[in-house]
Amino acid sequence: MKQLCRLIVLCALLIINSKAYSQTQTGGYLTFTINEGATIVLHGAAQNVAAYQWYKDGVRISGAMSKDYTASTAGIYSVVAFNMEGCPSETSDGVRIVVNTKGGPVAKPDTVVDLAVSILSSNPKASPGDSFTYILTANNNSPIPGTNVQVSYVIPPNLVYLPQPGNDNLVKYDIVTRTLTWNINQINNNMPTKLVVTVKVLTPGMVESVVNIKGKETDPIMANNIDQTVQQVYPLVISNVFTPNGDGVNDTFVIPGLETYTDTELTIINRWGNTIYQKTNYKNDWDGQGMIEGTYFYVLRAKNKAGVWDSYKGYLTLLRTRI
């Protein structure tokens, strides 16, 4: 394993195209605030360097491998240097760029607030009819308070919003636009505020939940003002017992909702690991003919409407005794 190179990366900054800027130390970062349309040149300086790689908000900037990088958008920039052997340095300290998009005088660094939001599902494997919660988290990454903060979340069409007591003063829900709005008077630095949103699954399919945040103050980093979570709601609830005894009730292995899948593959395996039944595009018609009572193992693969194969595995008990 290559050892980390001991290259020291210095970020000296040169301003071009604009002299209207301010400089301060904000939120632990050296911060430059410029007007919209201006640019700022970030200059990496290290010894014995063959190449550089620049990053914005921790994401590699494609093609930005020169000593100098010209930035014009808000974000936190850093750089890694590589020597002739391709060994990387430690990532440099971040430099924050704030862009004043409102025109006029450059925004003062002590009036900008970096808000962030996230959304997390409490039940990534929810099924139709299940109720579960999303946890919305609003945070402030800046040293000054964020005020008049508003978080919005449009409830996906295959979910229904279930209002909870105690949230009426903070949360408003527009039934027409399906938009939930969470109002927060103030968020202080690194003091995250959480909201639990209860929903119920109506129909199977892909659930894409997107949440946004905004506030009164100028926000220098818009990348963390939006977050989303995507999960698949599976339509199949597979019974683990069927009774093929000729009484007309539960005589075949039926999987409700299987018809919602375009393609299926069902395999039944006995306790010794032998495949005793296999069917493509299964039609809920296996009656266990020739099989003794006992426990079997099933493997079901089903292609959903998105073209993705979902897999189900479990145990199935075959009973012939009349009750």
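Under mature numbering (1 follows the signal peptide of the UniProt record, and there is no 0), residues -22 to -1, 1 to 301 are what the sequence shown spells out, in order. Glycine included, each C-beta is placed from N, C-alpha and C at the ideal position. Predicted model, so just to flag it, every value in this text is computed and none were measured.
When Cβ pairs closer than 8 Å are counted between the two stretches, the stretch 146 to 155 is seen not to touch the stretch 191 to 210, the count staying below three. Counting only runs of 3+ residues, the beta strand (DSSP E) found wholly inside the stretch 158 to 198 occupies 171 to 179 and 183 to 192, in chain order.
When DSSP states are grouped into helix, strand and coil, Glu68 belongs to the coil group. Residue environment for Ser67: buried (at least 16 other C-beta atoms within 10 angstroms of its C-beta).
Following the DSSP letters along the chain, one finds Ala29 inside the beta strand (DSSP E) bounded by residues Ala29 to Lys34. Here the alpha carbons of Thr125 and Val138 stand approximately 30 Å from one another. By the CB criterion at 8 Å, Ile216 and Tyr151 fall outside the cutoff.
Here Glu195 is buried, its C-beta having at least 16 other C-beta atoms within 10 Å. In this structure Thr273 is exposed. Its beta-carbon is surrounded by fewer than 16 other beta-carbon atoms within 10 angstroms. Here Phe110 has Ser100, Asn101 and Ala104 as same chain residues with Cβ atoms under 6 Å from its own Cβ, once five neighbours each way along the sequence are excluded. The DSSP-derived three-state label of Thr299 is coil. If you ignore the 5 residues before and after Phe231, its C-beta comes within less than 6 Å of the C-beta of Phe220 and Trp264, all in its own chain and listed in chain order. Exclusion of the five residues before and after Ala49 leaves Thr17, Ile18, Leu20, Tyr55 and Ile75 as the residues of its chain whose Cβ lies within less than 7 Å of its Cβ. In this structure, DSSP gives Glu271 a state outside helix and strand, which the three-state scheme calls coil. The continuous beta strand (DSSP E) containing Lys150 extends over residues Val149 to Asp152.
Per DSSP, Leu214 is not a residue of any beta strand (DSSP E), being assigned neither H nor E. The residue from Thr295, Asn248 and Arg279 with its alpha-carbon nearest to that of Tyr260 is Arg279. Collapsing the DSSP output to three states places Leu140 in coil.
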